[in-house]
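All remarks here apply to the structure that follows.
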Amino acid sequence: MSSISPKTIIPKEFYLQDPVKLAPKLLGKIFVRKLGDIYLTGKIVEVEAYRGKDDEAAHTYNGKTKRNDVMFREGGFLYVYFTYGMHFCANIVCGKKNEGSAILIRAVEPIDGINIMEMNRFGKTELPYSRRKLLTNGPAKFCSAFAIEKKDNGLDLTKEPIFLLKGEKILKNEIVTTTRIGIKKSVDLLWRFYIKDNPYVSKK
DNA sequence: CCACGGATTGGCT
DNA sequence: GCCAATCCGTGGA
């Protein structure tokens, strides 16, 4: 895989932005998770912004609780929550302390450690290529493939074992802006962003 | 204390 | 397309 040095890790300041501004900038970034001696990596291809204060769909809308505590930190932490009795979803906390904003990672394009991801998701590897995109084309699928769970909640994203790398520049005209998925409140906000025509996006 | 339902997924119809 | 699976945070009694 491409070289990883502390220098190439995306710094703290990057995360201290408004979620709706930051979300499209996360597209094309490389999500890295160190697992034992190996690195699982993937290009972020789909995200959703959840903003504190004015967003009824955000977990933080009704104030601080044990579950959403990490979301009230300043930007640069990983917020992981458990849902539907069986799935985890991962978010990148952003903005100022006590703002309560985060960006849900909905899909990545697998790069390194694909056989490990296959093991994590399906318990076996060397799956047909046609099943490749099923690895990470959804928020809970991504967490399963990258072995992200409750214990990863609150990790500092500026160091191992989980951080982001710069990746490739995504042009404005390659980004699709649309409504978020699976929520019942604030359904009209155009706060979902994905890379146009990327096969790993969860839903058009 | 208890009942509800969710930022989902996958299997079956 | 429909719906069960399965946990636990949250909110109302």
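Residue numbers (this note's numbering): 3 to 206.
Where is the CB? At the ideal position from N, CA and C, for every residue including glycine.
Backbone secondary structure at residue i - three-state DSSP
i: residue 207; result: Absent from the structure is residue 207, since the part of the chain shown begins at 3 and ends at 206.
i: residue 85; result: strand
i: residue 36; result: strand
i: residue 100; result: coil
i: residue 26; result: helix
i: residue 112; result: strand
i: residue 118; result: helix
Per-residue burial, residue i [other beta carbons within 10 Å of its own, 16 or more giving buried]
i: residue 66; result: exposed
i: residue 47; result: buried
i: residue 196; result: buried
i: residue 118; result: buried
i: residue 125; result: exposed
i: residue 31; result: buried
i: residue 88; result: exposed
i: residue 192; result: exposed
i: residue 204; result: buried
i: residue 26; result: buried
i: residue 86; result: exposed
i: residue 170; result: exposed
i: residue 131; result: exposed
i: residue 173; result: exposed
i: residue 75; result: buried
Whole-angstrom C-beta distance between residue j and residue i, which should lie under 8 Å
i: residue 182; j: residue 146; result: 21 Å between Cβ atoms; not a contact.
i: residue 104; j: residue 21; result: 7 Å
i: residue 44; j: residue 138; result: 6 Å
i: residue 96; j: residue 157; result: Contact flag wrong, Cβ pair sits at about 15 Å.
i: residue 116; j: residue 33; result: Actually they are not in contact, since the Cβ atoms of residue 116 and residue 33 sit about 14 Å apart, beyond 8 Å.
i: residue 63; j: residue 6; result: The Cβ separation is near 36 Å, so there is no contact.
i: residue 129; j: residue 10; result: Not really, about 30 Å apart at Cβ, beyond 8 Å.
When the options are compared against residue i, the one with the closest alpha-carbon
i: residue 162; options: 97, 35 and 53; result: 35
i: residue 68; options: 50, 78, 59 and 83; result: 83
i: residue 175; options: 6, 16, 11 and 29; result: 29
i: residue 154; options: 93, 12, 62 and 18; result: 93
i: residue 110; options: 14, 71, 50 and 173; result: 50
i: residue 58; options: 75, 187 and 165; result: 187
i: residue 140; options: 79, 114, 81 and 206; result: 206
i: residue 80; options: 168, 189, 202 and 151; result: 151
i: residue 201; options: 179, 136, 85 and 170; result: 136
i: residue 77; options: 12, 41 and 40; result: 12
i: residue 60; options: 10, 185, 199 and 90; result: 185
i: residue 209; options: 133, 129, 198 and 37; result: Residue 209 is absent from the model: the chain starts at 3 and stops at 206.
i: residue 112; options: 190, 148, 159 and 74; result: 148
i: residue 71; options: 55, 90 and 102; result: 102
i: residue 121; options: 165, 164 and 37; result: 37
i: residue 54; options: 91, 159 and 99; result: 99
i: residue 91; options: 159, 144 and 190; result: 144
i: residue 15; options: 194, 160 and 134; result: 160
Quiz item: What runs of the beta strand (DSSP E), each 3 residues or longer, lie entirely inside the stretch 127 to 201?
Solution: 164 to 167, 177 to 180 and 194 to 197
Self-check item: Secondary structure, beta strand (DSSP E): runs of 3+ residues fully inside the stretch 39 to 78
Solution: Counting only runs of 3 or more, we get 40 to 52.
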